[in-house]
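Trainee:
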Amino acid sequence: MLHEFLAAGAMLIQPATVVALLVGIVLGTIIGVLPGLGPSIAVSLAVPFTLNMGIGPSIALLMALYCTSIYGGAITAILVNVPGTPASAATCFDGHPMARRGEANVAIAIATFASAIGGWLSLVILALIAPFLARFALRFGPLEMCCVGIFALCCIAVIERRTLTRAVAAGLIGITIAAVGQDPVSGGMRLTFGYFPLSAGIPLVPLLIGLFAFSEVMIRVGEIAAGMQRPAMTGVGFRLPNFAFWKNAAPLVAKSSIIGTAIGILPGSGPTAASFISYAEAKRSAKDPASFGKGNPHGVIASEAANNAVTGGALVPTLSIGIPGDPITAIMLAALVLQGVIPGPKLYVEHGDIVMLILMSLFVANAGIMVMGALGAPLWTRILKIPEPLLMVGVTIVATLGTFATDNSAFDLIIMVFAGFLGWGLRALRFPLAPLIIGYVLGPMVEVNLKQALIVYGGDPYVFIERPIATVLLLMTLAVLFYPWLNGLAKRCFGKAEVREAK
Amino acid sequence: MTQARPHSRRDFGTGIGLAVLALVIAAAGGLIAPASWLDPAQSPSIYPCAALLGVAVCGLIIAFGKSAQSDAGESLPVNRRSIGMGLIMAAYAILLPFLGLIVSTLALHLALPTVFRYRRWGAAVAFAVIIIGLSWLVFIKVMGIPLKL
Amino acid sequence: MRIPSTIMVIAALLLMPGAGSASDYPARRIDIIVPFTAGGNTDTIARLLAKHMESSLKQSVIVVNRPGAGTNIGSALVAHSKPDGYTMLLNAPASFVVNQFIYKSLPYDPDTAFEPACVAARFPNVLVVNPSLGVKSIQELINLAKARPGKIEYAFAGVGASSQLSVAMFAEKAGIDVVGVPYKGTSQYLPDLVAGRVAFTIDNLGPILPFIKAGKLLALGVSSKQSVSLLPGVPPIDMVLKGYELVSWNVLALPARTSPEIVRIIGKQCDRIVHLPTVMATMRSFGAEPVGGTPEQAAEFLKSERPRWEAAIKAAKIPKQ
């Protein structure tokens, strides 16, 4: 153990590795900031370069890109209400309202700090109990994963309690959009209307950029035309709240990090789902849920701590059993294979130094997030000084190029345009967009696992008795759905103490 | 409740429209195929069809349900200029791969005087040069995406 | 709308004198389209090829992942691109000898759309079971499946994947009735296979090998006629089921009507690269066997593989989509 630690340390302090880390941290943040470009494109762009590098620098570069690109998305989300990466969509809800009331510097500082702490906490979990957790994750079969998906979908009901019907409708629209293309189970085509390019389905990046960026520009133009002047946004720089704030927020940071790590471990779900679920939980458990969505710093913490905590979580199955937790870790595994390291159940035993190096690189990369935040924020926040018309044109250009760059596909741009009008229409008719994204991300997970469970277990309901994890998940779902009712019941039974709090 | 009247009429249109649209998409997409639903695990249509039916039910609830909660969420200004900007952006996104970066981006800047009524020409030109330069550097030079200049 | 216009462009280019001439090839960037997400066997091999082509052709060679619709998205992209040697496809059997038997309509004709340049590698499949199943040989697995018809489940990595076809052919030859559980890819079913929720599969060795080595899965047989060096002592399935052979592979192909010189240049590059000692070592480490050869041999190879895969698809009884 000590020997491997020292060997990894020696690799880490080599000049090439240090350079790779620094390059990864800077480029990763920039890629995250650019809408459309996110962690998966960062990592896949880097793989060809790693072919010509040693294993130390390769790992350092990939890990740095992975962490910082997830973080970078928060900056765009806060400053222009456009998620820089899908994972930061939930950061928009409170981050941007904060920027609007002149606290962009605080919002970025909070996002930076929460991201780094989330990353570090997940790293601690990864380092200490990965093999144990991986064994636990193996007990999650199709039935359990289906229940996880249903549970997470029901979080829609929590986020959008006020506009429940519209939220559910938006969630179902998201599920339908995700179903376009080839059915992964039977291979049949659906909702393609005989048009071949649709058979690959609707990809996430053009959908998200259309829904958020495109519609945001339209809405701002509408506001300008209607003569609704926005207060000049201020808050250039980087201002960390005081210790009392963080002391108060510490339990939330810890909870969000654990949610992020747990979702990262489960295969088939990624940082986008993690940040939404964590946000929902933060809102549910808050004393003042109504303040969420209006610039509550805790919303930013919940989303950012969770999406960066996914990094450590997704690496748990990747490193300890050799099964990637998400598409991004799958690409990183491929890069390891090209370096001659075959990941698998014995990676810890046979390549302990590599595992150590991965952990150390992640540690440094999360520290790099802090540095990038503190040094970069004064620069990023200057975006607010750009006159609004120019900023909107700039957002259009960068978002369009970012969408095109993901797959070099002109068809993706058409999807983006349609998604843009859809997003604008839904927002104009007061439908929330968050449930649509949650439905899109989790819908396929529920469908595929449900069908697999049907094939494996048949329609036998007794299977829930044999599989306690699934039963627990189902009970949790019911608890979430009937939470307000249960809460009301509890209040009536136990009386006064909680009534005050509810007020 | 007096205030809720115009609201609920709008909700009625929204809800009915949503329900009809969901059913039309389900029918046009060939999802209504009950024969295949007998084996749900192998049916490609049952799941998206259920989702769309759910959308339709939500639409009906929006249309006919109590609109007591309809004050939730802010109303957005819907006007000709926002739709115009949408069309300009759509044209930009669709034509970009064909016209190349410089031509289409300069054309997009025509939105500044028309849609935004922004007439500081010096700033607009400087901005156009900077953004085209940066986009070229990041996307074409560094990332190597196949896009004409 | 798009397809006819693409054809017009292609036709116009063909009429132009000197289009796609080989004398100055390559003059710009080359794209290798991989119709899978990054991280799989095909992607890894494409990256090995790209890396070495780049240094010898003195042009950048980029791997572009275009997954979707059973590899049809990426294959159609190459089939409809200019036949100038700057866009090529590295794919498994799917776009050459499988999809024409699965999909009712394809936007390209797998038999005529491509000019094969080289067979890059073969991937022997391996029959693995979860040790908790309690079978130790192919015959024991067959006996168990016969004793419990319709009760033993196998995992496969999507409609038309080599895992589905391999098991279908196995089941047909053995006369057993087993239930297929579809997954989106190998990495998706491995947790369920390792945990014993599905009993067995026959799939590419690469991603499975670490689990065999760690004792989490038990290898019973390989799908090639010879045994595989990475799995000493594991017999070919052919020993029990005579005539069983289904080996997956990767072929590097250019769009049809690419000039023969360019096809030859690319074929030669590929043949040379897969025989480099370092490349061979990397490929073998994840269960791929380098093949190489000329464009003519690649075309012959595709012809000989076609009936084999058609039979496997018949055995799998996949309804035409």
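Chains as they are written, first to last, in my numbering: chain S, 23 to 525; chain Y, 9 to 157; chain W, 743 to 1063.
From the three backbone atoms N, C-alpha and C, an ideal C-beta is built for every residue, glycine too.
Checking the sheet assignment: what are the DSSP bridge partners for Cys860(W)?
Mentor: BP columns for Cys860(W) point to Leu994(W).
Trainee: Judging by CA-CA distance, which residue of Val982(W), Leu947(W), Asp773(W) is the nearest neighbour of Ala863(W)?
Mentor: Nearest of Val982(W), Leu947(W), Asp773(W) to Ala863(W), Cα basis: Leu947(W).
Trainee: Is the stretch 369-384 of chain S in contact with the stretch 175-183 of chain S, if contact means three or more CB pairs nearer than 8 Å?
Mentor: Touching, no, given that fewer than three Cβ pairs across the two stretches are closer than 8 Å.
Trainee: If I measure Cβ to Cβ from Ile950(W) and keep anything under 7 Å in the same chain, skipping five residues before and after, which residues do I get?
Mentor: Counting only Cβ-Cβ distances below 7 Å, and skipping sequence neighbours, we find Val868, Val870, Leu959.
Trainee: Can you tell me which residues form a DSSP beta bridge with Met211(S)?
Mentor: Gln204(S), per the DSSP bridge assignment.
Trainee: Relative to the alpha-carbon of Ile299(S), which residue among Ile323(S), Gly282(S), Pro153(S) has its alpha-carbon at the smallest distance?
Mentor: When each option's Cα is compared against that of Ile299(S), the closest is Gly282(S).
Trainee: Assign Arg127(Y) to buried or exposed, taking buried as 16 or more other Cβ atoms, counted over all protein chains shown, within 10 Å of its Cβ.
Mentor: It counts as exposed.
Trainee: Less than 6 Å between C-beta atoms, sequence neighbours within five positions excluded: which residues of the same chain meet that for Leu886(W)?
Mentor: Answer for Leu886(W): Val877, listed in chain order.
Trainee: Tell me whether Gly876(W) sits in a helix, a strand or coil according to DSSP, three-state version.
Mentor: Gly876(W): coil per DSSP, three-state reduction.
Trainee: Start and end of the beta strand (DSSP E) containing Phe942(W)?
Mentor: Unbroken beta strand (DSSP E) run through Phe942(W): 942-946.
Trainee: Per DSSP, what kind of secondary structure is Asn783(W) in: helix, strand or coil?
Mentor: Note: Asn783(W) maps to helix in three-state DSSP.
Trainee: Which whole runs of the alpha helix (DSSP H) in the stretch 39-122 of chain Y are 4 residues long or more, in chain order?
Mentor: The stretch 39-122 of chain Y contains these whole alpha helix (DSSP H) runs: 54-72, 88-107, 109-116, 119-122.
Trainee: Within the same chain, show all residues whose beta-carbon is closer than 7 Å to that of Pro454(S), passing over the 5 residues directly before and after it, in chain order.
Mentor: So the qualifying residues of the chain are Glu182, Thr185, Arg188, Ala189, Ala192.
Trainee: Where DSSP assigns a beta bridge to Thr829(W), which residues make up the other side?
Mentor: Thr829(W) pairs with Asp773(W).
Trainee: Express the C-alpha separation of Leu274(S) and Phe433(S) in angstroms, rounding to a whole number.
Mentor: One C-alpha to the other measures close to 41 Å.
Trainee: Give, in chain order, every residue of the stretch 401-430 of chain S whose Cβ lies closer than 8 Å to some Cβ of chain W.
Mentor: Flagged, chain order: Asp429, Asn430.
Trainee: Among the candidates Pro768(W), Asn841(W), Ala859(W), whose CA atom is the shortest distance from the CA of Asp851(W)?
Mentor: Selected option, being the one with the closest Cα: Asn841(W).
Trainee: Okay, do the stretch 337-352 of chain S and the stretch 138-155 of chain S touch, 3+ Cβ pairs below 8 Å being the bar?
Mentor: Touching, yes.
Trainee: Can you find a heavy atom of the ligand GTP that lies under 8 Å from the Cβ of Leu423(S)?
Mentor: Among the ligands in the structure shown, none appear at all, so the ligand GTP cannot be discussed.
Trainee: Taking 8 Å as the cut-off, does the stretch 97-113 of chain Y touch the stretch 213-222 of chain S (at least 3 CB pairs, one atom from each stretch)?
Mentor: Too few Cβ pairs lie closer than 8 Å, so no.
Trainee: What does Leu932(W) touch in chain S if you count any residue whose Cβ is under 7 Å from its own?
Mentor: By Cβ distance, chain S contributes Ile345.
Trainee: Hey, is Arg13(Y)'s beta-carbon within less than 9 Å of any beta-carbon in chain S?
Mentor: Because the pLDDT of Arg13(Y) is 45, which lies under 50, any placement of that residue in the model is unreliable, and the number read from its coordinates should be weighed accordingly. With 9 Å as the cut-off, Arg13(Y) does not count as an interface residue toward chain S.
Trainee: So if DSSP puts Ala961(W) in a beta bridge, which residue, or which two residues, is it bridged to?
Mentor: DSSP, once it has assigned bridges, lists Val870(W) as partnering Ala961(W).
Trainee: Do you know whose CA, among Ala111(S), Leu83(S), Val207(S), Ser66(S), lies nearest Ala295(S)'s CA?
Mentor: Comparing Cα-Cα distances from Ala295(S) to each of Ala111(S), Leu83(S), Val207(S), Ser66(S), the minimum goes to Ala111(S).
Trainee: Quick one: residues in its chain with C-beta nearer than 7 Å to the C-beta of Ile178(Y), no 5 flanking neighbours on either side, listed in chain order?
Mentor: Outside the displayed span of chain Y (9 to 157) sits residue 178(Y), for which this structure offers no information.
Trainee: Using beta carbons (cut-off 9 Å, strictly below), is Ile353(S) in contact with chain W?
Mentor: For Ile353(S), the answer is yes, since a Cβ of chain W falls inside 9 Å of its Cβ.
Trainee: Between the alpha carbons of Ala159(S) and Thr351(S), how many angstroms are there, rounded?
Mentor: The straight-line gap from Cα to Cα measures roughly 16 Å.
Trainee: Look up Glu895(W) in the DSSP assignment and give the residues it is bridged to.
Mentor: Val921(W), per the DSSP bridge assignment.
Trainee: Quick one, which of Ser929(W), Tyr931(W), Gln906(W) has its alpha-carbon nearest Val920(W)'s?
Mentor: Comparing Cα-Cα distances from Val920(W) to each of Ser929(W), Tyr931(W), Gln906(W), the minimum goes to Gln906(W).
Trainee: According to the Cβ coordinates, are Leu46(Y) and Leu213(S) closer than 9 Å?
Mentor: Cβ atoms of Leu46(Y) and Leu213(S): not closer than 9 Å.
Trainee: Give the secondary structure of Gly374(S) by DSSP, where H, G and I count as helix, E and B as strand, and everything else as coil.
Mentor: DSSP places Gly374(S) in helix when its eight states are reduced to three.
Trainee: Just mark Ala76(Y) as buried or exposed, buried being the case when its beta carbon has 16 or more other beta carbons within 10 Å.
Mentor: Per-residue confidence for Ala76(Y) stands at a pLDDT of 48, beneath the threshold of 50, marking its modelled position as unreliable; the derived number appears in the next sentence. It counts as exposed.
Trainee: In its own chain, which residues sit with a C-beta less than 8 Å from the C-beta of Leu360(S), not counting the 5 before and 5 after it?
Mentor: Here the set comprises Val69, Thr72, Leu73.
Trainee: Using only the alpha-carbon positions, how far apart do Val63(Y) and Gly21(Y) sit?
Mentor: Taking the straight line joining both Cα atoms gives about 15 Å.
Trainee: For Pro809(W), report the span of its alpha helix (DSSP H) as first-last.
Mentor: That residue, Pro809(W), is in no alpha helix (DSSP H); it is neither H nor E in DSSP.
Trainee: What is the DSSP secondary structure of Glu245(S), counted as helix, strand or coil?
Mentor: Three-state result, Glu245(S): helix.
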